[in-house]
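Order-wise, the sequence lines are chains A and B.
So the first sequence is residues 404 to 836, counted in our numbering.
So the second sequence is residues 404 to 836, counted in our numbering.
Glycine is no exception: its CB is placed at the ideal position from the N, C-alpha and C atoms.
Taking it in order: structure first as structure tokens, then the write-up.
Number of protein chains: 2
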Amino acid sequence: IDASDTASLLRLVEDFHESEMGDLLEALDTDHRPRLIELLGSNFDFAALTEVDDSVREEILEELETATVAEGVRDLESDDAVTILESLDDEDKAEVLDRLPAIERVALQRSLDYPEDSAGRRMQTEFIAVPPFWTVGQTIDFMRETPDLPETFYEIFVIDPAGHLLGAVALDRLLRSKRPITIEQLMDDEPDRVEATENQEEVARMFERYNLVSAAVVDDAGRLVGVMMVDDIVDVLEEEADADIKQLGGVHSDEELSDTVITTQRSRFPWLFANMCTAIIAANVIGAFSESLEHMVALAVLMPVVASMGGNAGTQTMTVAVRALATRELGRSNAWRIIRREALVGLLNGLVFAVIMGTIAGVWFQAFELGVVMGLALITVLLFAALGGIFVPLTLNRLGVDPAVSSGPFVTSITDIVGFFAFLGIATAWFGL
Amino acid sequence: IDASDTASLLRLVEDFHESEMGDLLEALDTDHRPRLIELLGSNFDFAALTEVDDSVREEILEELETATVAEGVRDLESDDAVTILESLDDEDKAEVLDRLPAIERVALQRSLDYPEDSAGRRMQTEFIAVPPFWTVGQTIDFMRETPDLPETFYEIFVIDPAGHLLGAVALDRLLRSKRPITIEQLMDDEPDRVEATENQEEVARMFERYNLVSAAVVDDAGRLVGVMMVDDIVDVLEEEADADIKQLGGVHSDEELSDTVITTQRSRFPWLFANMCTAIIAANVIGAFSESLEHMVALAVLMPVVASMGGNAGTQTMTVAVRALATRELGRSNAWRIIRREALVGLLNGLVFAVIMGTIAGVWFQAFELGVVMGLALITVLLFAALGGIFVPLTLNRLGVDPAVSSGPFVTSITDIVGFFAFLGIATAWFGL
């Protein structure tokens with residue numbers, strides 16, 4: 404790249420798939436990235452930019468000329484074009500749109516007007532729609548003669564003159580039918596459809612549930628405006644799983660491996676700060692028992708064991724609950740059954756570990772009664788951990804807060820506080836400290 | 404169901420999609436499930452059984468007659484049939500296979516011979532394959548005249564007389580070509596292909612990367628044996644994300660919402676036991692400083708704060724590392740960059756929280772020096788948390804152990820031990836306790 408050797412670069416990237424080109428871009432130094440794109444010129448497929456991390460894409464686009472971007476966006480499928488336009492600031496976005504032909508501009512503008520993360524943003528606006536009175540033969544001839552068809556499609560749609568969706572015909576169905584048959588006879592008149600304003604997560608769940616590869620996107624009036632494709636759905640499901648995993652681990656869902664140290668430190672700070680606050684509350688609980696601790700230092704040695712067991716049991720229940728809420732497996736119909744199950748599991752594990760850890764503590768400090776106190780505290784904390792682990796996500800979910808983001812600090816503060824309070828409280832009462 | 408009123412049951416479930424039927428089965432009492440299937444008889448679509456939890460499916464299949472299962476399996480696509488056969492014990496499996504026509508039996512047996520979680524198990528063995536010298540017209544006529552085609556397909560494959568895969572033609576490509584053109588002229592001679600023995604996760608990553616909807620499955624000799632469909636890939640990706648989320652939260656990846664209390668308690672026990680062991684090690688570290696704790700009870704109050712901050716910071720780094728390893732975003736090429744980034748983030752957050760929490764501790768206990776000790780301990784533990792959070796998953800991964808399953812206990816035991824040791828150790832040295 405430094406040598407601006409376009410010819411050998413071209414030879415190198417000639418057979419690259421867009422996702423391989425994306426990997427190459429990510430592996431390059433920051434200032435080499437726009438350089439490479441400019442050197443490749445019209446040989447650079449802008450679809451590669453949809454395969455890189457958001458931050459990398461924004462950086463690259465900032466460096467490129469608006470004219471280059473407009474030229475690149477023009478050749479893309481509409482869903483890829485929207486992804487790129489989303490990454491531009493408002494001024495550049497307007498400028499790029501201005502440079503596009505009117506038809507494309509209007510279609511892209513309409514997609515961009517739908518709310519973020521909606522089906523309207525993700526849909527492809529290129530689709531094939533025919534009237535119901537056409538025959539199979541007419542349809543096939545139309546497709547043979549039209550040069551500018553979408554790159555891939557799995558079904559053709561049937562619309563009335565006003566553009567309302569009437570039905571859909573799968574390609575294999577079309578191929579297997581005789582030429583004189585009309586589309587109306589062939590079409591599925593209840594095609595899979597989604598509203599353009601629907602959230603992409605809901606759409607993805609629907610694809611998953613009914614094993615779809617594409618679905619019509621309609622506007623409020625039932626007019627066909629685009630098509631959702633399964634490859635975008637695969638990305639949505641991955642993004643969502645990614646976000647859940649990160650959020651449960653206390654990491655912001657936008658964090659990417661390509662982020663800088665400062666960005667990462669800032670995005671990790673809030674969770675650690677929240678944890679510090681709950682830890683201080685828990686420390687206050689311990690502080691209230693300082694006299695007991697002075698009299699019996701064994702309590703200080705054992706109390707983190709109780710808190711840590713509670714924290715882990717709470718995390719187990721919370722993980723199951725948060726994931727089941729995300730995949731819609733947990734809802735009103737089975738919430739009470741799951742609450743009962745978790746409470747019983749917590750109680751049962753509480754009893755088991757009360758015996759094991761109570762025995763260990765009793766033997767360790769040569770004090771049978773300390774073992775009993777330990778056991779009682781463990782039963783209490785594991786029961787509360789189970790209840791906190793399920794009620795916190797359920798409550799947050801009902802309040803409209805994403806349980807994956809905020810359940811963690813609540814659950815661990817409950818288990819810490821209950822753990823220290825139960826263990827030190829029972830010990831103080833039992834030994835009369 | 405209790406009234407065995409088949410007629411109204413039939414009316415009720417008539418329009419059900421297989422996944423809705425699956426939901427209905429899961430919502431029913433255990434003994435009503437096989438009852439419903441028997442009542443519906445040949446109107447029950449066995450595909451619904453692929454939509455329920457594994458444990459529910461096994462339970463139902465145990466209750467059903469082998470003849471009923473054989474009849475049901477016969478009507479299924481091969482990938483669904485394999486899912487059901489997998490859930491039977493060896494004896495029943497052999498019996499069901501015996502009742503199937505020879506061609507289906509051989510195909511299913513071959514799928515079942517591939518290792519669990521391989522492409523061979525998930526593939527559909529129904530596909531359309533034509534010789535390269537056929538024309539578009541011949542191919543379309545063949546499809547029109549053959550009644551027993553796969554339910555859905557997105558491409559047709561091209562093979563030589565020995566069954567070796569030569570190429571593939573997408574349906575839209577076929578539709579848009581004139582009848583006299585030969586398949587050979589049309590086909591993509593480097594079609595997307597996977598080995599039947601390849602792990603389904605690898606196949607799913609490939610679909611995701613190259614936005615595929617189907618891919619040919621070939622055996623060792625390059626002969627076409629089946630086709631992987633994107634709807635199965637969507638399920639694989641979801642299962643995998645599910646497993647990662649659960650394992651990071653300390654829950655066995657096989658745990659399902661429909662499990663009983665005892666099954667759940669048993670599957671949660673090992674993780675809690677592992678945590679108990681590491682907590683005991685950490686307690687021993689505290690025990691080594693009992694004298695210091697007796698002299699200065701403030702240390703007992705503050706030490707859980709240090710450990711908890713370390714645990715959370717370690718979990719953050721670990722979550723990012725485990726997920727990046729699963730999605731193949733983290734590999735040898737960028738490991739050192741990520742390690743350096745995490746170490747710097749840990750150090751930076753350590754400095755920030757040293758100032759914040761050090762001040763709080765100093766003011767709280769009216770002891771400036773205690774604040775300094777707190778700060779030094781936090782810097783140490785957050786740095787070690789970052790290093791543990793990245794090195795533990797990387798090491799486990801290199802050893803061939805799934806980092807999602809086992810990183811947690813390692814990382815938290817490192818942060819607990821380092822946390823208690825650093826805080827109590829620095830305090831003991833500083834104050835000469």
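- In this structure, DSSP gives A:I487 a helical state, which the three-state scheme calls helix.
- Contact annotation: B:T818 and B:A788 have beta-carbon atoms nearer than 8 Å.
- The beta carbon of B:L427 does not come within 8 Å of any beta carbon belonging to chain A, so the residue lies off that interface.
- B:Q668 belongs to the set of residues whose beta carbon lies under 8 Å from a beta carbon in chain A.
- Contact annotation for B:M526 against chain A: no contact, minimum CB-CB distance about 15 Å [criterion: below 8 Å].
- For A:T538, the nearest beta carbon of chain B is not closer than 8 Å to its own beta carbon.
- A residue is called buried once 16 or more other Cβ atoms fall within 10 Å of its Cβ, and B:A599 is buried on that count.
- If the five residues before and after B:F536 are omitted, its C-beta is found closer than 8 Å to the C-beta atoms of T585, I586, E587, all from its own chain and listed in chain order.
- By the Cβ rule, the segment 441-449 of chain B counts as touching the segment 408-420 of chain B, because three or more pairs are nearer than 8 Å.
- If only complete runs of 4 or more residues are kept, the segment 638-664 of chain B shows no alpha helix (DSSP H) anywhere.
- Following the DSSP letters along the chain, one finds A:R513 inside the alpha helix (DSSP H) bounded by residues 505-516.
- Cα atoms of B:D575 and A:L552: separation of roughly 10 Å, rounded to the nearest angstrom.
- The three-state reading of DSSP puts B:E423 in helix, counting H, G and I together.
- B:L627 sits close to B:A532, with the two beta carbons spaced by under 8 Å.
- The segment 730-769 of chain B contains, as complete alpha helix (DSSP H) runs of 4+ residues, the segments 738-767 (chain order).
- A:Q668 sits buried, since 16 or more C-beta atoms from the chains shown fall within 10 Å of its C-beta.
- By the criterion of a C-beta distance shorter than 8 Å, B:R731 is surrounded in its chain by R608, once the five residues flanking it on both sides are discounted.
- Residues of chain B whose Cβ lies closer than 7 Å to the Cβ of A:S656 do not exist, since the nearest Cβ in that chain is about 11 Å away.
- Distance from the CA atom of A:M546 to the CA atom of A:D434, rounded to whole angstroms, is 44 Å.
- Taking C-beta separations shorter than 7 Å and ignoring five residues to either side along the sequence, the partners of B:A764 in its chain run L705, L773, G774, M777, following chain order.
- DSSP places A:N678 within a helical segment (H, G or I) once states are collapsed to three.
- Remark: three or more beta-carbon pairs, one from each stretch, lie closer than 8 Å, so the segment 635-645 of chain B and the segment 603-622 of chain B are flagged as touching.
- The beta-carbon distance between A:E745 and A:I782, rounded to whole angstroms, is 15 Å. This is too long to meet the 8 Å contact definition.
- Residue contact with chain A for B:Y517: absent (no Cβ-Cβ distance below 8 Å to any residue of chain A).
- Listed in chain order, the positions of the segment 610-632 of chain A with a beta carbon within less than 8 Å of a beta carbon of chain B are F610, E611, R612, Y613, N614, L615, V616.
- By the rule that beta-carbons nearer than 8 Å mark a contact, B:M777 does not touch chain A.
- Short of 6 Å from the beta carbon of B:R502, and not among the five residues preceding or following it, lie these beta carbons of its own chain, in chain order: A473.
- At least one CB of chain A lies nearer than 8 Å to the CB of B:D634.
- Residues of chain B with a Cβ closer than 9 Å to the Cβ of A:M546 are, in chain order, D575, L578, R579.
- Here A:V776 is not bridged, per DSSP, to any residue.
- By the neighbour-count criterion, in which 16 or more other beta carbons inside 10 Å mark a residue as buried, B:K496 falls on the buried side.
- For the pair B:L651 and A:G835, the CB atoms are not nearer than the 8 Å cut-off.
- Contact note: A:E732 reaches chain B through L660, using a C-beta cutoff of 7 Å and chain order.
- Positions of the beta strand (DSSP E) runs, each at least 3 residues long and wholly inside the segment 559-637 of chain B, are given as 568-573, 596-598, 617-621, 627-632 in order along the chain.
- Here the C-alpha atom of A:G475 lies approximately 28 Å from the C-alpha atom of B:M590.
- With a cutoff of 8 Å on beta-carbon distance, B:Q719 and A:R438 are scored as not near each other.
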